[in-house]
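Structure record follows, encoded as structure tokens.
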Amino acid sequence: MNLLLALLPAIFWGINPLIIKKINGQTANEMFGTGLGALIMSIVAFLVVGSFNGMSTVTFLLSFISGAAWAIGQLGQFMSFRTIGISKTMPISTGIQLTGTSIIGVIAFGEWQGVINKVIGFLAIAVLILGVFIISKTGQQNDKQNIQDYLPLFITSIGYWVYSCIPKAIDANGLQLFSAQMLGTFVVATIYAFYKSHRVLQEKQSWLNTIPGLLYGLASLSYIFAARKVGVSTAFVIGQINVVISTLGSIFILKESKQGKDLVKTTVGLGLILLASCVTAFL
194 MNLLLALLPA IFWGINPLII KKINGQTANE MFGTGLGALI MSIVAFLVVG
244 SFNGMSTVTF LLSFISGAAW AIGQLGQFMS FRTIGISKTM PISTGIQLTG
294 TSIIGVIAFG EWQGVINKVI GFLAIAVLIL GVFIISKTGQ QNDKQNIQDY
344 LPLFITSIGY WVYSCIPKAI DANGLQLFSA QMLGTFVVAT IYAFYKSHRV
394 LQEKQSWLNT IPGLLYGLAS LSYIFAARKV GVSTAFVIGQ INVVISTLGS
444 IFILKESKQG KDLVKTTVGL GLILLASCVT AFL
């Protein structure tokens, strides 16, 4: 039962990009749906926990900022789905996230204590970067086009770093933290959606994208409980299966073009990223 609970985040996170692609909306629709789904999950978590009693104003604001930063990272993914495809976006985004959060963890929070752990950790990051590089070199794009297409993903991934690192710096009840984070996601996502499209409420794709929005929230919520049951490291490693589901799903279900050498490169790069993430999780 605990293993099934730990698999839920990977499944939800993994199928979400596939659902979003099938809905075929614009970025504004996707952000609106994500925001609305986040608001619903925030309310659910608040009803369970009862109140924000015991949570200081500073902790609430930091949690809110964490969720807002996640929305920025998610925006970068949505944009990249269109420019480079899901099969590139998901493994590359995962690689950027793991690299940034690992380095911040070592510098700011004293993780990977001891020389041996640091050596192993940075070797794992090198392997991870190699995996990202291999995947980025699939397809027929020239170097200039590559830079233009990947730049938004790299810049907005800073949001994921902030989202991941703030909870390490504060002491808060998991559900209270989650509820405040989802509020932050809702605010940023809806502001962007209305800024980009004044017709966002009238478009069917906006409401359909509430489904993946809810799944994102459910994935994050189930991850909290999974970490309690099987441990943070185990839950994290199992959660990385999501990138396998989304990457291979985009290739074989959505028929994103990956044949011959490109398919081999994607598979090898994906394997290196997963290997590196497993190593860093247990340091």
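226 is the number that my numbering gives to position 33 of the sequence shown; each next residue is one higher, with no gaps. Using N, Cα and C, we set each Cβ at its ideal position, and we do this for glycine too. Please read all numbers here as calculations on a predicted model, not as lab measurements.
Practice item. Return the Cβ separation of Gly-207 and Ile-417 in integer angstroms, given the expectation that the two are a contact with Cβ distance under 8 Å. Key: Gly-207 to Ile-417, Cβ: 18 Å. No contact.
Q: Under the assumption that Ile-327 contacts Lys-454 (Cβ atoms under 8 Å), give the Cβ distance between them as a whole number of angstroms.
A: Not a contact, Cβ separation roughly 11 Å.
Q) Roughly how many angstroms lie between the CA atoms of Gly-410 and Gly-218, to the nearest whole one? A) 20 Å
- request: Could you say which of Gln-395, Gly-432, Gln-369, Gln-452 lies nearest to Met-234 if we only look at CA atoms?
  value: Gln-369
Exercise for the section: Would you mind working out which of Ala-428, Lys-214, Val-393, Thr-252 sits nearest Phe-274, comparing C-alpha positions? Expected result: Lys-214
- Under 8 Å, do Pro-360 and Ser-259 count as touching if we go by C-beta distance? yes
With 16 other Cβ atoms within 10 Å as the buried cut-off, status of Leu-394: exposed
### Query
What residue from Thr-473, Val-423, Gly-462 has the CA that sits closest to Ser-286's CA?
Gly-462
Just how far apart, CA to CA, sit Ala-238 and Thr-378? 14 Å
*Nearest-angstrom beta carbon gap, Gly-293 and Ser-350 [assumed within contact, 8 Å]*: 7 Å
_Here's a check: name, in chain order, each residue in its chain whose Cβ is nearer than 6 Å to the Cβ of Met-283, leaving out the five neighbours to either side._
Val-436, Ser-439, Thr-440
- Query: Do you know how far the Cα of Phe-371 is from the Cα of Ser-256?
  - Reply: 8 Å
How big is the Cα-Cα spacing for Ile-340 and Ser-450? 20 Å
Measure the CB-CB distance between Asn-402 and Ile-216 and report whether it falls below 8 Å.
yes
Let me confirm a value: Ser-249 is counted as buried when at least 16 other C-beta atoms fall within 10 Å, else exposed. Which label applies? exposed
* Asked: What is the rounded straight-line gap between the Cα of Val-299 and the Cα of Thr-427?
  -> 20 Å
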